[in-house]
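If you're matching them up, the sequences are chains A and V in order. The first sequence runs 1 to 314 under my numbering. The second sequence runs 1 to 298 under my numbering.
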Amino acid sequence: MRGKVLHLVPVLFVVTCFSFLLTSLLPGDVALVMSGPNATPQSIAALRSQLQLDQPLPVRYADWLGRAVRGDLGTSPRSNVTVVQSIKDRLPISLELLVLAEVIGLLVAVPAGIASAYRAGGVLDQAASGAAFGILAVPGFVVAIVLIYLFAVQLDLVPATGYTPLLTDPLANLRSFFLPALTVGLGEAAAYTRLLRSDMIATLQEDYIAMARAKGLPTWHILTRHALKPSSFTLLTVLGINIGRLMGGALIVETIFALPGVGRLLVESIYARDLVVVQGVVAFVAVAFVLVNFGVDLLYAVLDPRIRHGRAVA
Amino acid sequence: MAAPSPDLAGAFPIAAAPPTTARMAAPWRRLGVSFWLPAGWLTLITVIAVLAPVLHMPDPNLQDLANRGGSPGAGHLLGTDGLGRDMLARLVWGARISLTVGYASTLLGMALGTLLGMAAGYVRGRPEAVIVAAMDALLAFPALVLILAITTFVGHDLRIIVGVIGFLGIPAFARVARANTLALAQREFVLAARAMGASEVRILGLEILPNIVAPVLTFGLLAVAVAMLAEGALAFLGLSVPPPNASWGAMIAEGRSDLDTWPQTSLIPAAVFFLTIFALNLAADRLRRAVEVREARL
């Protein structure tokens, strides 16, 4: 536990350093790039001093990091909105997408994984494995295109793009999240099904499963009560990685479906060459990813008695 | 309750001993049709992409606004896109970009990553700790974000895209190479070579490298798929090679606005893209099993 925390500090340091350097080491004059084609020399000079570009790099990094840890990631010179406020505005949308997508993924993957492992090599297993293998080969934006074509163009069931706030109209909100959540969720479902299947096949060969069968327990009881939990740790780890990744929004999916989440904010600021926002959002995304994974690492040890007791003995 | 069926063995590639006949079969036959079919597809599109300049095809960027979204037919084998450009020509020229990014960035990541991984796994000690920590930090960074930011501010040049995607592939290759090197460095033949006075470079190059080529190349196939997906995502956001140049991702994105009128302009490149990624994944999966079986037989 203490070792893990100690490991976290350098990783966070390197990650914030990367985020900072990313926008500071790029060739060309940052102030010139950000000011755009209609800038006057005066406005460029003003921006340069506002961004402290006249200061040496380590000083700027120390200053930026010092303010970042106090919750100040700077203010966009383009919109005059603080980066933290922009992230606060966009985060709920990315989080809703995250929750819906993971729910879809798990709702599909848990039954599919259990059924595949139960009759490994059977018709259902081969169909599920084949489908999962296929879906994993389809990039997100292609899934999105196909889903838009099927559900919005052909069936006309849901809007292709757009976003309605949850509080304005919950039903319209869910409708606008249906396709994006399905796009992300399908990919997650395929990955989770494969993970759960292979772990569960291993679990089902354990002696205590044979013991449970010998006692005459119903099959579904053994599958869901005895075998599921010890088989779900890899799934949990990958779930954590995906949650960490989606905290920063789904860049492509949010862009395709015009969902104003964190990913969209990042893409917009990249298009607008708004370095302050890019820097701040990248730092937020990277730190969120590291922290969520750290949390999952801890959870893993708490949930799995084999790891917990292994540690205690060692 | 399922009795452990023979099929269960498939879930544990290490434990899966091949049937005697398969063990005796020639290596290429052992890989089976599910390797050679995707390998054939990959060879086919690679050859066509390389030969694109000498194939007599319409100009991929020639617009024919009178013939927008044309159906497949004699003049245009796969029809035309939303600007009346020949779909087949654009697919072939797009393959050049998509495949260049896939292969070149993988080679770059493979070369540097394998070198670093072997060094870390063989030298051990402080250099290993530094390399592993740097790789972990790089892996913790959201890759797509990095690619997006760099290409936006540095440029949409193909070399830059290849460089950035290749650079991001280094940690994964380093991990594969290091894990394999760690295991090999303890083996008798390495000890024998050292006892005979072979230099460290010679041991790394002639004893260890030949033995990690198979797992690294297998992983390389997957990396090609990942690199092509990354380029596709970039192109989809309009941040890959600048228009009017075709890449598969860009074609899918361009066809998006015409989904209700000419869905084929988006769905055909999507299908080709899917087939290629699927072929890479399938070939890598089969190759991995073959390699692991051989390891298990040792």
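The beta-carbon is built from N, C-alpha and C at its ideal position, and this holds for glycine as well.
Taking all protein chains shown into account, do 16 or more other C-beta atoms lie within 10 angstroms of the C-beta of residue i, making it buried, or fewer, making it exposed?
| i | result |
| --- | --- |
| Met-211 (chain A) | exposed |
| Asn-180 (chain V) | buried |
| His-226 (chain A) | buried |
| Gly-216 (chain A) | exposed |
| Phe-13 (chain A) | exposed |
| Met-87 (chain V) | buried |
| Leu-171 (chain A) | exposed |
| Ala-183 (chain V) | exposed |
| Met-251 (chain V) | buried |
| Trp-262 (chain V) | buried |
| Pro-218 (chain V) | Going by the sequence as given, residue 218 (chain V) is Thr instead of Pro. Looking at its Cβ environment, which holds 16 or more other Cβ atoms inside 10 Å, Thr-218 (chain V) is buried. |
| Thr-255 (chain A) | buried |
| Gly-261 (chain A) | buried |
| Leu-22 (chain A) | buried |
| Thr-276 (chain V) | buried |
| Phe-189 (chain V) | exposed |
| Leu-206 (chain V) | exposed |
| Pro-41 (chain A) | exposed |
In whole angstroms, what separates the C-alpha of residue i from that of residue j?
| i | j | result |
| --- | --- | --- |
| Ala-45 (chain A) | Ser-79 (chain A) | 19 Å |
| Asp-136 (chain V) | Pro-171 (chain V) | 7 Å |
| Leu-107 (chain V) | Ser-257 (chain V) | 35 Å |
| Ala-134 (chain V) | Leu-116 (chain V) | 11 Å |
| Phe-153 (chain V) | Gln-264 (chain V) | 33 Å |
| Gln-85 (chain A) | Thr-183 (chain A) | 28 Å |
| Ile-208 (chain V) | Thr-224 (chain A) | 46 Å |
| Ala-152 (chain A) | Asn-245 (chain V) | 29 Å |
| Met-200 (chain A) | Ile-209 (chain A) | 11 Å |
| Ile-135 (chain A) | Ala-129 (chain V) | 37 Å |
| Met-247 (chain A) | Ser-199 (chain V) | 49 Å |
| Leu-282 (chain V) | Phe-35 (chain V) | 7 Å |
| Ala-174 (chain V) | Phe-257 (chain A) | 36 Å |
| Leu-229 (chain V) | Leu-158 (chain V) | 15 Å |
| Ile-147 (chain V) | Arg-67 (chain A) | 26 Å |
| Leu-191 (chain V) | Arg-178 (chain V) | 18 Å |
| Val-81 (chain A) | Ile-270 (chain A) | 16 Å |
| Ala-193 (chain V) | Val-132 (chain V) | 27 Å |
| Leu-51 (chain A) | Leu-51 (chain V) | 50 Å |
| Pro-269 (chain V) | Asp-72 (chain A) | 44 Å |
| Pro-111 (chain A) | Ala-284 (chain V) | 28 Å |
| Pro-10 (chain A) | Asp-54 (chain A) | 28 Å |
| Ile-243 (chain A) | Met-57 (chain V) | 46 Å |
| Gly-79 (chain V) | Ala-89 (chain V) | 10 Å |
| Val-241 (chain V) | His-156 (chain V) | 5 Å |
| Leu-138 (chain V) | Val-69 (chain A) | 21 Å |
| Glu-254 (chain V) | His-7 (chain A) | 45 Å |
Check whether the Cβ atoms of residue i and residue j lie closer than 7 Å to each other.
| i | j | result |
| --- | --- | --- |
| Arg-197 (chain A) | Gly-113 (chain A) | yes |
| Ala-301 (chain A) | Tyr-192 (chain A) | no |
| Ala-181 (chain A) | Leu-259 (chain A) | no |
| Val-15 (chain A) | Ala-140 (chain V) | yes |
| Leu-251 (chain A) | Leu-144 (chain V) | yes |
| Gly-125 (chain V) | Ala-227 (chain V) | no |
| Met-110 (chain V) | Gly-220 (chain V) | yes |
| Ile-150 (chain V) | Val-162 (chain V) | no |
| Ser-76 (chain A) | Val-277 (chain A) | yes |
| Ala-190 (chain A) | Ala-132 (chain A) | yes |
| Glu-188 (chain A) | Gly-105 (chain A) | yes |
| Phe-178 (chain A) | Val-158 (chain A) | yes |
Tell me, to the nearest whole angstrom, how far the beta carbon of residue i is from that of residue j; I am working on the premise that it is less than 8 Å.
| i | j | result |
| --- | --- | --- |
| Ile-93 (chain A) | Phe-284 (chain A) | Not confirmed; about 15 Å, so no contact. |
| Ala-271 (chain V) | Gly-249 (chain V) | About 14 Å; that fails the 8 Å criterion. |
| Gly-249 (chain A) | Arg-264 (chain A) | 7 Å |
| Pro-85 (chain V) | Pro-60 (chain V) | It should be pointed out that residue 85 (chain V) corresponds to Arg in this sequence rather than to Pro. At roughly 6 Å, the Cβ-Cβ gap stays under 8 Å, so Arg-85 (chain V) and Pro-60 (chain V) are in contact. |
| Val-176 (chain V) | Pro-215 (chain V) | 6 Å |
| Leu-236 (chain A) | Val-296 (chain A) | 7 Å |
| Leu-42 (chain V) | Ala-279 (chain V) | 5 Å |
| Ile-145 (chain A) | Ser-247 (chain V) | At roughly 16 Å, the Cβ-Cβ gap does not stay under 8 Å, so Ile-145 (chain A) and Ser-247 (chain V) are not in contact. |
| Ala-115 (chain A) | Leu-124 (chain A) | 6 Å |
(request) Note down, in chain order, all residues in the region 246 to 267 of chain A with a beta-carbon under 8 Å from any beta-carbon belonging to chain V. (result) If the cut-off is 8 Å between Cβ atoms, the region 246 to 267 of chain A has Gly-248, Leu-251, Ile-252, Thr-255, Ile-256, Leu-266, Val-267 near chain V.
(message) Counting only Cβ-Cβ distances shorter than 9 Å, please list the residues of the region 280 to 291 of chain V near chain A, keeping chain order.
(response) Residues passing the 9 Å Cβ filter: Leu-280, Asn-281, Leu-282, Asp-285.
(message) Which residues of the region 135 to 150 of chain A have a Cβ closer than 8 Å to any Cβ of chain V? Give them in chain order.
(response) Within the region 135 to 150 of chain A, Leu-136, Ala-137, Val-138, Pro-139, Gly-140, Phe-141, Val-142, Ile-145, Val-146, Ile-148, Tyr-149 place their CB atoms closer than 8 Å to a CB of chain V, listed in sequence order.
(message) Short of 7 Å Cβ to Cβ, which residues in the region 216 to 235 of chain V face chain A?
(response) Taking 7 Å as the Cβ-Cβ cut-off against chain A, the residues of the region 216 to 235 of chain V that qualify are Leu-229, Gly-232, Ala-233.
(message) By the 7 Å beta-carbon criterion, what residues does the region 278 to 305 of chain A contribute toward chain V?
(response) Within the region 278 to 305 of chain A, the residues whose Cβ lies closer than 7 Å to some Cβ of chain V are Val-278, Val-282, Val-285, Ala-286, Phe-289, Val-290, listed in chain order.
(message) To be precise: take each residue of the region 111 to 123 of chain A, compare its Cβ to all Cβ atoms of chain V, and keep it if any distance is under 9 Å. Which residues remain?
(response) Sequence-ordered contacts of the region 111 to 123 of chain A with chain V read Ala-117, Tyr-118, Arg-119, Ala-120, Gly-121, Gly-122 [C-beta pairs closer than 9 Å].
(message) Short of 8 Å Cβ to Cβ, which residues in the region 4 to 16 of chain A face chain V?
(response) So the list reads Pro-10, Val-11, Val-14, Val-15, given in the order they occur along the chain.
(request) Compile a chain-ordered list of the residues in the region 152 to 178 of chain A whose CB is closer than 7 Å to at least one CB of chain V. (result) Residues passing the 7 Å Cβ filter: Val-153.
(message) Under 9 Å, CB to CB, which of the residues in the region 243 to 267 of chain V have a partner in chain A?
(response) Within the region 243 to 267 of chain V, the residues whose Cβ lies closer than 9 Å to any Cβ of chain A are, in chain order, Gly-249, Ile-252, Ala-253, Gly-255, Arg-256, Leu-259, Asp-260, Pro-263, Ser-266, Leu-267.
(request) With 9 Å as the C-beta to C-beta threshold (strictly closer), list the residues of the region 112 to 138 of chain V near chain A in chain order. (result) Per Cβ criterion, the list reads Ala-133, Ala-134, Asp-136, Ala-137, Leu-138.
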